[in-house]
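Enquirer: My questions all concern the structure below.
In full-length UniProt numbering, the protein residues as written are 1 to 319.
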């Protein structure tokens, strides 16, 4: 039995979990609702589930204790004269496998609105009961960067000496900044206090595309996860989707001079910053005002509305 009443771990666990023993059993944590600019995390999560042959649920969280239904009202269908098909939120742990048949876990669903500390304790129960060897979270945030340059990521871990992607790295961020917290961040902190390694990746994506589907950012997250968890996950479908989106964006920018000029200013800022980093200086281009998301947002609004239709390739969630 689990020690927390917030999570139920299935009684009949799959053999891959029961016999994981001292082998690697990573768990990916992706929570909807906050760190998901460009829907990169949502798209990466769907890709992981689709890429696995099966995705059985091995643990479920008590969503009624964690979800604010009035703040985030689930959808329900009204058919002729009655209601049906209530989309109940689900926060679950699934067992997935990569192309080499290596098992790993995926904790996904809506970020808890309440009881974060209790939720962290429930995640600890999952980690200890199932023998999870490392926890890796994924996120995406908007940054003042152009879409025409390589996407970068921030790596983080609750142990400075912890290896992600097979190596110990030095963070490019210096000093301390105060930012809004998340349930994922708190889980990482608490797991570190309880002696469990946890870390993750946050991809930086163009702020002016943050409200659009941007699969290129999802590709980066899956590739970072592959290296960190030593998994093999095909991304050709995601890459093809990302290429189509890049072509749509490029076509739109080519036809809109004002947007093209603002993107060009971002490119100059980015390139100057990179040169400064390489030379030991972190200087932005002089006399070059940094465009805001609002400057591009109005220009892209109509364009993005046409890009954000339903994806015919997205199938139903696996049980």
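Glycine is no exception: its CB is placed at the ideal position from the N, C-alpha and C atoms.
Taking C-alpha atoms, which residue in 257, 126, 261 lies nearest to residue 5?
Expert: Cα-wise, what sits closest to residue 5 is 126.
Enquirer: Closer than 8 Å by C-beta to residue 33: which residues in its own chain qualify, once you throw out the five before and the five after it? Chain order, please.
Expert: Within the same chain, residue 33 has close Cβ partners 72, 110, 111.
Enquirer: Given this structure, state the Cα-to-Cα distance separating residue 233 from residue 48, to the nearest angstrom.
Expert: Looking at the two C-alpha atoms, the distance is approximately 8 Å.
Enquirer: For residue 188, which option in 121, 243, 218 has the closest C-alpha, if you only look at C-alpha atoms?
Expert: Closest option to residue 188, Cα to Cα, is 121.
Enquirer: Cα separation between residue 275 and residue 76?
Expert: Approximately 52 Å, taken between the alpha carbons.
Enquirer: Tell me the rounded alpha-carbon separation between residue 9 and residue 180.
Expert: The alpha-carbon atoms of residue 9 and residue 180 are separated by roughly 31 Å.
Enquirer: What are the boundary residues of the alpha helix (DSSP H) that residue 119 is part of?
Expert: First-last of the alpha helix (DSSP H) with residue 119: 116–130.
Enquirer: For the alpha helix (DSSP H) containing residue 179, name the first residue and the last one.
Expert: Residue 179 -> no alpha helix (DSSP H), and no H or E assigned at all.
Enquirer: Starting from the C-beta of residue 62, find all residues in its chain whose C-beta is less than 8 Å away, skip the five residues before and the five after it, and write them out in chain order.
Expert: Cβ neighbours of residue 62 beyond the five flanking positions: 5, 6, 7, 8.
Enquirer: Please identify the residue among 28, 18, 124 whose C-alpha is closest to the C-alpha of residue 339.
Expert: Nothing can be reported for residue 339: it is not among the residues displayed for the chain, which extend from 1 to 319.
Enquirer: Is residue 108 closer than 8 Å to residue 320 when the C-beta atoms are compared?
Expert: Outside the modelled stretch of the chain, which goes from 1 to 319, sits residue 320, for which no answer is possible.
Enquirer: How would you write the range of the alpha helix (DSSP H) that residue 192 sits in, first residue to last?
Expert: 183–193 is the extent of the alpha helix (DSSP H) around residue 192.
Enquirer: Please determine if the region 133–145 and the region 37–54 are in contact, where contact requires at least 3 C-beta pairs separated by less than 8 Å.
Expert: Short answer: they touch.
Enquirer: So, helix, strand or coil for residue 10, using DSSP?
Expert: In this structure, residue 10 counts as coil in the three-state DSSP scheme.
Enquirer: May I have the straight-line CA-CA distance separating residue 116 from residue 30, to the nearest angstrom?
Expert: Cα to Cα, the separation comes out at about 15 Å.
Enquirer: Here's the rule I'm using: 16 or more other beta-carbon atoms within 10 Å means buried, otherwise exposed. How should residue 45 be labelled?
Expert: Looking at its Cβ environment, which holds 16 or more other Cβ atoms inside 10 Å, residue 45 is buried.
Enquirer: Since residue 157 is in the beta strand (DSSP E), which residue starts that stretch and which ends it?
Expert: Per DSSP, residue 157 belongs to the beta strand (DSSP E) from 152–157.
Enquirer: Given a threshold of 16 other Cβ atoms within 10 Å of its Cβ, counted over all protein chains shown, does residue 208 qualify as buried or as exposed?
Expert: Buried, because 16 or more other Cβ atoms sit within 10 Å of the Cβ of residue 208.
Enquirer: Quick one: is residue 224 buried, meaning 16 or more other Cβ sit within 10 Å of its Cβ, or exposed?
Expert: Answer is buried; the Cβ neighbour count reaches 16.
Enquirer: Could you check the C-alpha separation between residue 222 and residue 81 for me, to the nearest Å?
Expert: About 44 Å.
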